[in-house]
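Asker: The structure follows.
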Amino acid sequence: MLSALLLIPLLGALVVGCWPGKLTSGQARNISLVFLMGNLIVSLCLLPQFDLSVTDLQLRESLPWLETLGLGYELGIDGLSLPLLIMNSLLSLVAVYASEVDIRRHRFYYVLLLLITFAVAGAFVAQNLLLFFIFYELELIPLYLLIAIWGGPQRGYAATKFLIYTAISGILILASFLGLVWLSGASSFDYSVTMAHGLPWIQQVVLLVALLIGFGIKIPLFPLHTWLPDAHVQASTPISVLLAGVLLKLGTYGLFRFGVCTFSEVWVDLAPYLAWWAVVSVLYGSLAAIAQTDMKKMVAYSSVGHMGYVLLAAAASNPLSFVGTVFQMVSHGFISALLFLVVGVVYEKTGTRDLNVLRGLLNPERGLPLIGSVMVLAVMASAGIPGMVGFISEFIVYRGSFVSFAPQTLLCLLGSGLTAVYFLLLVNRAFFGRLATTPTQAVEQDPVLPLVTWQDRAPALALVGLLFLFGLSPSWMTRWIEPTTTAMYEAMPIKLERSSSHLAMPLAKAPIDLASCSDGDCAL
Amino acid sequence: MIQTMPSQLKDIHPFAHYADRLLAGGTLLPDTPDNVVEVMGALDSYGIVLDRYSINLIHIADHQFLNLFPVFKYFDGEINPARMWRHFWHDRINYEYAEYTMRAMMWHGGGGLDAYLDTDEFRQNCQSAIAAKIQFNPVLQLFHRVFPEFLIEQIRQLSYYSGLGQFWRVMSDIFTSLTARYLRGEIQHISQIVDHIKDGLVANAARPITYSVEIGGKTYDILPASAGLTFLPDTAIPYVESIFFRGTPFLGTVSYNAQAQQISPDKSRFTYGALYADPLPVGGSGIPPTLLMQDMFRHLPDYLEEHYLKTERGLGDVRVKICASFQRSMFCVTNAALIGLLPKGADATDPKDVDANREFLLGWIDRLASSQLEQVQTP
Numbered sequence: 219m220l221s222a223l224l225l226i227p228l229l230g231a232l233v234v235g236c237w238p239g240k241l242t243s244g245q246a247r248n249i250s251l252v253f254l255m256g257n258l259i260v261s262l263c264l265l266p267q268f269d270l271s272v273t274d275l276q277l278r279e280s281l282p283w284l285e286t287l288g289l290g291y292e293l294g295i296d297g298l299s300l301p302l303l304i305m306n307s308l309l310s311l312v313a314v315y316a317s318e319v320d321i322r323r324h325r326f327y328y329v330l331l332l333l334i335t336f337a338v339a340g341a342f343v344a345q346n347l348l349l350f351f352i353f354y355e356l357e358l359i360p361l362y363l364l365i366a367i368w369g370g371p372q373r374g375y376a377a378t379k380f381l382i383y384t385a386i387s388g389i390l391i392l393a394s395f396l397g398l399v400w401l402s403g404a405s406s407f408d409y410s411v412t413m414a415h416g417l418p419w420i421q422q423v424v425l426l427v428a429l430l431i432g433f434g435i436k437i438p439l440f441p442l443h444t445w446l447p448d449a450h451v452q453a454s455t456p457i458s459v460l461l462a463g464v465l466l467k468l469g470t471y472g473l474f475r476f477g478v479c480t481f482s483e484v485w486v487d488l489a490p491y492l493a494w495w496a497v498v499s500v501l502y503g504s505l506a507a508i509a510q511t512d513m514k515k516m517v518a519y520s521s522v523g524h525m526g527y528v529l530l531a532a533a534a535s536n537p538l539s540f541v542g543t544v545f546q547m548v549s550h551g552f553i554s555a556l557l558f559l560v561v562g563v564v565y566e567k568t569g570t571r572d573l574n575v576l577r578g579l580l581n582p583e584r585g586l587p588l589i590g591s592v593m594v595l596a597v598m599a600s601a602g603i604p605g606m607v608g609f610i611s612e613f614i615v616y617r618g619s620f621v622s623f624a625p626q627t628l629l630c631l632l633g634s635g636l637t638a639v640y641f642l643l644l645v646n647r648a649f650f651g652r653l654a655t656t657p658t659q660a661v662e663q664d665p666v667l668p669l670v671t672w673q674d675r676a677p678a679l680a681l682v683g684l685l686f687l688f689g690l691s692p693s694w695m696t697r698w699i700e701p702t703t704t705a706m707y708e709a710m711p712i713k714l715e716r717s718s719s720h721l722a723m724p725l726a727k728a729p730i731d732l733a734s735c736s737d738g739d740c741a742l
Numbered sequence: 009m010i011q012t013m014p015s016q017l018k019d020i021h022p023f024a025h026y027a028d029r030l031l032a033g034g035t036l037l038p039d040t041p042d043n044v045v046e047v048m049g050a051l052d053s054y055g056i057v058l059d060r061y062s063i064n065l066i067h068i069a070d071h072q073f074l075n076l077f078p079v080f081k082y083f084d085g086e087i088n089p090a091r092m093w094r095h096f097w098h099d100r101i102n103y104e105y106a107e108y109t110m111r112a113m114m115w116h117g118g119g120g121l122d123a124y125l126d127t128d129e130f131r132q133n134c135q136s137a138i139a140a141k142i143q144f145n146p147v148l149q150l151f152h153r154v155f156p157e158f159l160i161e162q163i164r165q166l167s168y169y170s171g172l173g174q175f176w177r178v179m180s181d182i183f184t185s186l187t188a189r190y191l192r193g194e195i196q197h198i199s200q201i202v203d204h205i206k207d208g209l210v211a212n213a214a215r216p217i218t219y220s221v222e223i224g225g226k227t228y229d230i231l232p233a234s235a236g237l238t239f240l241p242d243t244a245i246p247y248v249e250s251i252f253f254r255g256t257p258f259l260g261t262v263s264y265n266a267q268a269q270q271i272s273p274d275k276s277r278f279t280y281g282a283l284y285a286d287p288l289p290v291g292g293s294g295i296p297p298t299l300l301m302q303d304m305f306r307h308l309p310d311y312l313e314e315h316y317l318k319t320e321r322g323l324g325d326v327r328v329k330i331c332a333s334f335q336r337s338m339f340c341v342t343n344a345a346l347i348g349l350l351p352k353g354a355d356a357t358d359p360k361d362v363d364a365n366r367e368f369l370l371g372w373i374d375r376l377a378s379s380q381l382e383q384v385q386t387p
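Just so you know, the sequences run in chain order A and B.
Counting from 219, one number per residue, gives the positions in the first sequence under the numbering used here.
Counting from 9, one number per residue, gives the positions in the second sequence under the numbering used here.
The structure is reproduced here in structure tokens:
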């Protein structure tokens with residue numbers, strides 16, 4: 219079953235790439251959509267097969283590969299990878315759907331997009347460190363090419379910077395993995411046998427720090443983030459959707475999977491520092507976003523800030539915060555994908571993302587009223603307005619982290635407030651007021667923007683639906699995550715000191731269960 | 009030594025070229041094929057809409073006289089389930105717009121109609137009609153005793169209903185006959201449109217404006233013929249002043265904030281009229297000009313629809329397009345009114361007369377300086 223998730227996009231890439239005869243851009247897009255739709259359906263079919271009572275890996279597949287190297291084709295999923303896997307399938311579909319119909323070098327383009335889907339899915343289902351690393355690195359090449367070929371005017375610079383940063387990230391991660399296996403004397407790179415418990419404290423710290431920097435680049439966390447705004451600004455809209463929605467999650471997934479599980483002893487020791495790192499990242503990202511005048515850069519810096527919440531929750535190391543870690547990854551995936559989609563439509567229709575130029579896009583007759591409304595909803599979700607998924611994820615993160623790191627949590631809360639500030643600045647400048655006349659329009663009385671098609675609107679509206687769906691019924695998400703994260707917490711040999719012992723209980727038994735939040739017990 | 013040059017005021021007026029253009033037989037709106045189609049299409053649909061507005065305003069004035077709860081005032085006497093269904097389903101003309109216009113005209117006042125409504129003669133006319141209307145209604149009798157000005161003020165408003173209804177009757181007929189000529193191929197230039205409107209205004213200038221109601225089989229004059237109220241000075245000019253120039257700050261396409269001093273405290277300096285309105289809606293919906301555009305859209309002629317379909321958004325922004333075309337057509341009406349009102353006549357050749365005409369026009373052009381006049385010069 220899990221292999222199907224790898225084979226379908228791979229097969230799609232082969233079909234698009236090797237199709238005999240001429241293939242138009244539209245045909246290549248449609249073939250990719252068919253394969254990715256199949257991929258999404260298979261992903262969703264995992265849900266009924268996923269046993270919530272089992273906390274271990276499920277749907278395992280194992281084939282011997284290079285046993286002398288300790289590399290095996292070992293796949294499996296748990297509550298951590300399942301939501302991310304489905305999100306990858308969904309956002310890949312969205313990215314292909316949102317791609318230009320007449321894109322140049324279309325075969326190559328769709329092959330690369332399908333390869334990214336394949337590589338990311340592989341990274342999420344891999345249960346072998348080396349296999350994870352191979353998929354992790356594999357995704358870099360198509361992404362580099364997608365930015366370098368179909369990007370903006372500075373694409374060469376941005377793509378090279380992305381490649382250098384992420385290559386360093388890969389080297390550090392590989393070094394950490396190799397050090398872990400060699401120093402621990404493990405027989406293979408299988409997740410279940412590669413635990414750092416037996417290693418001396420200092421070795422664990424060195425390996426974890428290498429891992430933190432490696433994944434910190436990918437997430438990205440301040441000050442390792444500088445590749446991200448450039449990559450986003452130069453990448454086309456579908457690539458930004460994938461980058462923000464899925465690819466950054468590889469970093470947080472890796473950090474959570476390996477940092478918390480494999481290095482759980484030293485993770486607890488470093489947790490306070492990580493929480494402060496999260497604060498710096500959140501505040502830096504938010505303040506930098508305020509200073510931006512490019513809509514895409516603002517959303518990119520917002521990502522830097524919001525991914526800091528994931529680190530905060532992971533550092534807090536309690537069952538609730540672990541749920542928040544995964545929920546925030548999914549939430550950010552949906553919200554940032556939506557934001558980039560909308561910014562992409564604005565750019566396509568107006569030819570600019572400059573907040574000093576854009577005005578009045580919400581104009582009901584000649585602007586982009588529906589897209590503008592979607593932007594307002596996305597902004598509300600990102601700022602944590604109740605009823606939407608951003609509120610739930612941030613609430614769980616803060617509720618979980620507050621008991622472990624109260625000052626850091628309060629400072630990160632400030633970041634949430636700043637989210638409202640910079641996104642309101644964005645909405646106010648670009649969407650309110652009188653619609654601006656573009657340089658090509660001679661008549662000031664008569665500004666008009668091209669019509670937005672349903673192809674532009676459909677993916678954005680679908681994501682808006684998900685924002686509300688999981689915002690109003692968060693248990694539809696937490697039920698898949700919680701058994702795994704609770705088991706991860708239980709498996710930690712050392713627990714982080716907390717102010718109240720009841721938080722050690724599983725989420726379902728704790729009095730702060732989401733279902734009972736209405737009595738005010740959840741209030742900070 | 010300081011040397012001064014003689015003032016050449018008449019030549020340094022920034023908008024003097026508009027006055028000169030009018031004096032030379034030109035028009036405020038450039039004569040282009042697109043403008044002709046837009047203006048004719050707008051006046052074509054506006055003529056039909058005005059006809060309905062006019063009928064309804066006169067119906068209210070005549071048949072809803074001192075009816076304090078005129079629930080069916082927009083039904084023109086046709087009260088049946090099918091009509092009610094169409095009304096509530098909004099398959100109808102937005103008569104509300106006509107009332108907004110009437111109120112704006114009443115608020116700004118001006119002309120003989122406004123002056124007559126404050127005369128003792130008018131009060132006596134009102135008292136007679138009120139006495140007849142409430143003679144069998146003790147509640148209203150008591151009400152009239154307690155609030156003696158209320159019903160009189162209601163009749164003042166009803167007089168404006170009637171006055172505007174009569175004014176729009178004439179304008180509707182002018183636009184309808186213009187449309188017929190256009191469809192016969194007789195109208196090909198903006199100047200012909202202006203001439204047709206001017207001729208219509210001149211021909212109806214002395215048309216009497218009267219208003220009387222029938223109560224218990226007896227007719228009561230509210231605005232009698234003896235008051236001498238006529239079409240041009242007592243309804244047309246106050247209408248142009250109120251609706252084209254001044255307008256109302258809250259009923260335009262732009263929202264204004266009175267607390268932020270965005271509205272002039274002096275009504276005579278208002279510039280919120282049809283000639284000044286921004287056709288692009290800014291953060292509002294359902295505002296009166298939008299209602300008018302909806303009504304005009306219902307009766308949009310095919311040739312104007314085809315013209316709009318050639319543009320970027322087709323009919324997606326049709327109300328903005330109609331508003332812009334309507335504004336262009338209103339510059340033609342203003343143009344016709346200005347030519348009709350020239351103190352020395354449009355045919356004056358004596359330099360002194362021409363100068364007098366020019367001074368007259370410059371005064372109006374001054375007021376149009378901040379209007380959309382400059383914007384409509386471009387295609």
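Glycine residues also receive a C-beta, built at the ideal position from the N, C-alpha and C atoms.
Keep in mind it's a predicted model, so treat the numbers as computed, not measured.
Rounded to a whole number of angstroms, what is the C-alpha to C-alpha distance between V312 (chain A) and A50 (chain B)?
Answerer: Answer to the nearest angstrom: the Cα atoms are 44 angstroms apart.
Asker: To the nearest angstrom, report how far apart L223 (chain A) and F336 (chain A) are at their CA atoms.
Answerer: L223 (chain A) and F336 (chain A): Cα-Cα distance of roughly 7 angstroms.
Asker: When the Cα of L232 (chain A) is compared with those of A:V329, A:Q345, A:V343, which residue comes out closest?
Answerer: The residue with the shortest Cα to Cα distance from L232 (chain A) is A:V329.
Asker: Compute the distance between the beta-carbons of P668 (chain A) and T655 (chain A), then report whether it is under 7 angstroms.
Answerer: Not in contact: P668 (chain A) and T655 (chain A) (Cβ atoms no closer than 7 angstroms).
Asker: In angstroms with no decimal places, state the Cα-to-Cα distance between I404 (chain B) and T109 (chain B).
Answerer: Any question about residue 404 (chain B) goes unanswered here, given that chain B covers just 9 to 387.
Asker: Consider the Cβ of R584 (chain A): report whether some Cβ of chain B lies at a distance smaller than 7 angstroms.
Answerer: So yes, R584 (chain A) belongs to the interface.
Asker: With a cut-off of 7 angstroms, does the C-beta of L588 (chain A) fall near any C-beta of chain B?
Answerer: It does not; no Cβ of chain B falls within 7 angstroms.
Asker: Give the straight-line distance between the Cα atoms of Q422 (chain A) and A638 (chain A), rounded to the nearest whole angstrom.
Answerer: In a straight line, the C-alpha of Q422 (chain A) is about 39 angstroms away from that of A638 (chain A).
Asker: Which residues in chain A have a C-beta closer than 7 angstroms to the C-beta of D325 (chain B)? List them in chain order.
Answerer: What D325 (chain B) touches in chain A: E583, R584, V666.
Asker: On a Cα-Cα basis, can you pick out the residue from B:I87, B:L121, B:R375, B:F96 that is closest to P241 (chain B)?
Answerer: Closest option to P241 (chain B), Cα to Cα, is B:L121.
Asker: Inspect the CB distances between the region 274-286 of chain A and the region 514-524 of chain A and report whether three or more fall short of 8 angstroms.
Answerer: These segments do not touch.
Asker: In the structure shown, what three-state DSSP assignment does S454 (chain A) receive?
Answerer: The answer is coil: DSSP assigns S454 (chain A) none of H, G, I, E or B.
Asker: Please report whether the beta-carbon of L644 (chain A) lies at a distance below 7 angstroms from any beta-carbon of chain B.
Answerer: Not an interface residue.
Asker: Report the residue from A:S387, A:L264, A:F609, A:L225 whose alpha carbon sits nearest the alpha carbon of I334 (chain A).
Answerer: Measuring from the Cα of I334 (chain A), the nearest candidate turns out to be A:L225.
Asker: Taking Cβ to Cβ, would you say F175 (chain B) is nearer than 7 angstroms to Y247 (chain B)?
Answerer: Yes.
Asker: In chain A, what lies closer than 8 angstroms to V328 (chain B) by C-beta?
Answerer: Simply E583, R584.
Asker: Between B:V328, B:E313, B:R60, which lies nearest to P287 (chain B) when the distance is taken from Cα to Cα?
Answerer: Taking only the C-alpha atoms, the option nearest P287 (chain B) is B:V328.
Asker: To the nearest angstrom, how far is the alpha carbon of P89 (chain B) from that of R60 (chain B)?
Answerer: Taking the straight line from one Cα to the other gives about 21 angstroms.
Asker: For G683 (chain A), name the three-state secondary structure that DSSP assigns.
Answerer: The answer is helix: DSSP assigns G683 (chain A) an H, G or I state.
Asker: Answer yes or no: do S261 (chain A) and L303 (chain A) have a C-beta to C-beta separation smaller than 7 angstroms?
Answerer: Yes.
Asker: Does the Cβ of E320 (chain B) have 16 or more other Cβ atoms within 10 Å, making it buried, or fewer, making it exposed?
Answerer: It counts as exposed.
Asker: Roughly how many whole angstroms lie between the Cα atoms of L270 (chain A) and T704 (chain A)?
Answerer: Approximately 12 angstroms, taken between the alpha carbons.
Asker: Any Cβ of chain A within less than 7 angstroms of the Cβ of G294 (chain B)?
Answerer: Note that G294 (chain B) scores a pLDDT of 41, beneath 50, so its modelled location is shaky; the value from the coordinates is reported in the next line. For G294 (chain B), the answer is no, since every Cβ of chain A falls outside 7 angstroms of its Cβ.
Asker: What does P394 (chain B) reach in chain A if we use C-beta pairs closer than 7 angstroms?
Answerer: As shown, chain B starts at 9 and ends at 387. That puts residue 394 (chain B) outside it, with no answer to give.
Asker: Does L669 (chain A) get closer than 7 angstroms to chain B when you measure Cβ to Cβ?
Answerer: At least one chain B Cβ lies under 7 angstroms of L669 (chain A).
Asker: Using 7 angstroms as the threshold, is the C-beta distance between A7 (chain B) and T243 (chain B) below it?
Answerer: The requested residue 7 (chain B) is not part of the displayed model; chain B covers only 9 to 387.
Asker: For my contact list, Q149 (chain B) and I142 (chain B) are in at a C-beta cut-off of 8 angstroms; report their separation, rounded to the angstrom.
Answerer: Yes, they are in contact, since the Cβ atoms of Q149 (chain B) and I142 (chain B) sit about 5 angstroms apart, within 8 angstroms.
Asker: With a cut-off of 8 angstroms, do at least 3 Cβ pairs link the region 403-410 of chain A to the region 363-379 of chain A?
Answerer: Counting Cβ pairs under 8 angstroms, fewer than three are found: no touch.
Asker: DSSP on L229 (chain A), reduced to helix/strand/coil?
Answerer: In this structure, L229 (chain A) counts as helix in the three-state DSSP scheme.
Asker: Span of the beta strand (DSSP E) holding G294 (chain A)?
Answerer: From DSSP, the beta strand (DSSP E) with G294 (chain A) extends over 289-295.
Asker: Please report the straight-line C-alpha distance between L398 (chain A) and V484 (chain A), rounded to a whole angstrom.
Answerer: L398 (chain A) and V484 (chain A): Cα-Cα distance of roughly 13 angstroms.
Asker: Hey, would you say L632 (chain A) sits closer than 7 angstroms to M516 (chain A), going by beta carbons?
Answerer: Not closer than 7 angstroms, so no.
Asker: Does any heavy atom of the ligand ZN sit closer than 6 angstroms to the C-beta of V233 (chain A)?
Answerer: Ligands are entirely absent from the displayed structure, and the ligand ZN is therefore not among its contents.
Asker: Using a C-beta to C-beta distance shorter than 7 angstroms, which residues of chain E count as neighbours of E320 (chain B)?
Answerer: In the structure shown, chain E cannot be found, because the protein chains are A and B.
Asker: By the 10 Å Cβ neighbour count, where 16 or more other Cβ atoms means buried, how is D355 (chain B) classified, buried or exposed?
Answerer: Exposed, by the Cβ-count rule.
Asker: For Y502 (chain A) and L430 (chain A), what's the separation of their Cα atoms in angstroms?
Answerer: Those two C-alpha atoms are separated by around 18 angstroms.
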